[in-house]
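In the numbering used here, the protein residues as written are 28 to 357. Note that beta-carbon positions come from the ideal geometry of N, C-alpha and C, so glycine has one too. Notes follow the structure.
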Ligand SMILES: Cc1cc2nc3c(=O)[nH]c(=O)nc-3n(C[C@H](O)[C@H](O)[C@H](O)COP(=O)(O)O)c2cc1C
């Protein structure tokens with residue numbers, strides 16, 4: 028069975044990718060991910076705040092004229108500052124596995140921290156995933172301002188590095204498809220659809236905010252499925268599906284609508300990294316049952332431009348469902 032796929036200009040032996048999570052903080056886990064079938068691994072994010080804190084700390088030490096403390100940092104770090112342990116993780120991951128290692132940078136403003144992308148490249152990452160986790164809860168920024176922020180950050184990062192850059196996005200744009208096409212035109216080598224925003228809940232007993240992060244459920248594939256289906260074949264860059272994979276069925280659905288790779292975190296957190304083998308075996312079994320010899324044979328077969336019943340993706344179907352013409356599925 029040929030499971031190979033192309034993602035961000037890289038050739039992967041399998042479309043299953045371990046998405047960014049603390050699981051990959053452990054190089055032993057990264058090795059297991061490769062052994063159990065991952066085609067690539069995304070490291071957990073390094074945050075703009077981590078990088079800026081280190082810059083601030085260095086400036087503080089510099090202002091105090093504390094040359095002893097400054098000598099603790101390697102020479103030249105004032106230009107190219109960044110948390111060294113993340114770079115070390117990249118180097119150790121690269122040394123441990125043959126699959127592509129994708130670093131993840133998470134920030135919200137185009138500023139000095141972007142220089143750190145260069146260090147990520149120098150440390151040996153095969154690609155960079157950029158997660159602009161920006162919540163305009165200040166109620167000040169317009170939609171257009173938020174969108175241009177994404178494009179600006181991408182442009183700055185692309186200027187800083189020559190490795191491929193993927194944008195991990197949330198679905199919360201007025202016109203997600205157009206936004207994604209804009210980023211594609213601006214040079215994104217791929218998009219990851221979608222990021223899950225952290226959303227607080229309320230503890231009614233204590234009247235406090237709950238700050239936990241829930242693992243995903245399989246119903247969450249539907250939103251990415253819709254947009255991947257619409258974008259398949261319309262972008263220069265690659266498409267990664269992310270959210271809701273619990274079994275091989277979700278992986279296959281994502282491939283059918285046109286994903287180049289399918290990412291998973293919650294399933295690995297629930298069942299262990301070994302679960303990648305279950306997903307991979309399930310994928311092979313499904314392709315075999317369909318008498319397909321490769322992932323490429325099914326990819327995009329149910330994308331928006333491939334299906335004859337295009338209405339199923341559109342408003343007309345919504346009206347039909349609301350009028351009770353179709354059964355509401357559980
Ligand atoms: C505990 C945990 C930590 C995560 N850390 C990151 C992170 O550092 N950077 C990031 O871009 N996404 C992070 N994610 C999001 C995942 O990469 C993924 O996009 C999301 O969980 C949806 O995929 P899933 O349904 O397969 O879990 C994290 C998710 C979880 C559950």
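Excluding sequence positions up to five away, which residues of its chain have a Cβ less than 7 Å from the Cβ of residue i?
i           : result
residue 46  : 69, 269, 290, 291 and 292
residue 113 : 73
residue 204 : 254, 257 and 258
residue 328 : 283
residue 106 : Its pLDDT being 37, under 50, residue 106 is placed unreliably in this model, and the coordinates cannot settle the point.
residue 237 : 227, 228, 229 and 230
residue 58  : 123 and 124
Between the beta-carbon of residue i and the beta-carbon of residue j, is there less than 7 Å?
i           : j           : result
residue 67  : residue 141 : no
residue 17  : residue 250 : Here the chain has residues from 28 to 357 only, and residue 17 is not among them.
residue 325 : residue 282 : yes
residue 178 : residue 215 : no
residue 278 : residue 240 : no
residue 119 : residue 151 : no
residue 182 : residue 161 : no
residue 32  : residue 322 : yes
At a cut-off of 6 Å, would you count residue i as near ligand 1, judging by its Cβ distance to the nearest heavy atom?
i           : result
residue 223 : yes
residue 135 : no
residue 271 : yes
residue 292 : yes
residue 265 : no
residue 25  : Since the displayed the chain opens at 28 and closes at 357, residue 25 lies outside it and no answer follows.
residue 48  : yes
residue 71  : yes
residue 332 : no
residue 56  : no
residue 112 : no
residue 80  : no
residue 321 : no
residue 158 : yes
residue 243 : yes
residue 335 : no
residue 131 : yes
Would you grab the beta carbon distance between residue i and residue j for me? Rounded to a whole angstrom, and I think it's under 8 Å.
i           : j           : result
residue 252 : residue 194 : In fact, because the Cβ distance is near 19 Å, the residues do not count as touching under 8 Å.
residue 259 : residue 248 : That pair is no contact at about 15 Å.
residue 242 : residue 219 : No, residue 242 and residue 219 are not in contact; Cβ-Cβ is about 18 Å, not under 8 Å.
residue 300 : residue 56  : 5 Å
residue 174 : residue 200 : 7 Å
residue 43  : residue 65  : 6 Å
residue 331 : residue 340 : 5 Å
residue 52  : residue 116 : 7 Å
According to DSSP, which residues form a beta bridge with residue i?
i           : result
residue 34  : 37
residue 29  : 321
residue 74  : 133
residue 158 : 133 and 195
residue 235 : 230
residue 269 : 290
residue 220 : 196 and 268
Identify, in the order they occur along the chain, each residue of the same chain with its Cβ nearer than 6 Å to the Cβ of residue i, setting aside the five sequence neighbours on each side.
i           : result
residue 302 : 294 and 295
residue 34  : 265, 287 and 288
residue 111 : none
residue 101 : Residue confidence for residue 101 is low, a pLDDT of 38 falling below 50, so the modelled location carries little weight; the figure read from the coordinates is stated next. Correct list: empty, nothing qualifies.
residue 309 : 275
residue 61  : 124 and 126
residue 49  : 71
residue 39  : 32, 66 and 67
residue 77  : 110
residue 224 : 197
residue 263 : 211
Who are the near neighbours of residue i in its chain, counting only those whose CB is closer than 8 Å to its CB and skipping five residues on each side?
i           : result
residue 155 : 129, 130, 131, 132, 144, 147, 148, 184, 188, 190, 191, 192 and 193
residue 94  : The pLDDT assigned to residue 94 is 42, lower than 50, so where the model puts this residue is not dependable, and the model offers no usable value.
residue 63  : 300, 301, 302, 303, 304 and 307
residue 315 : 28
residue 320 : 28, 29 and 314
residue 206 : 174, 177, 196 and 200
Using a Cβ-Cβ distance cut-off of 7 Å, determine whether residue i contacts chain D.
i           : result
residue 227 : Of the chains in the structure shown, none is chain D; there is only one protein chain.
Mind checking whether the beta-carbon of residue i lies closer than 6 Å to any heavy atom of ligand 2?
i           : result
residue 175 : This structure lacks ligand 2; the ligands present are ligand 1.
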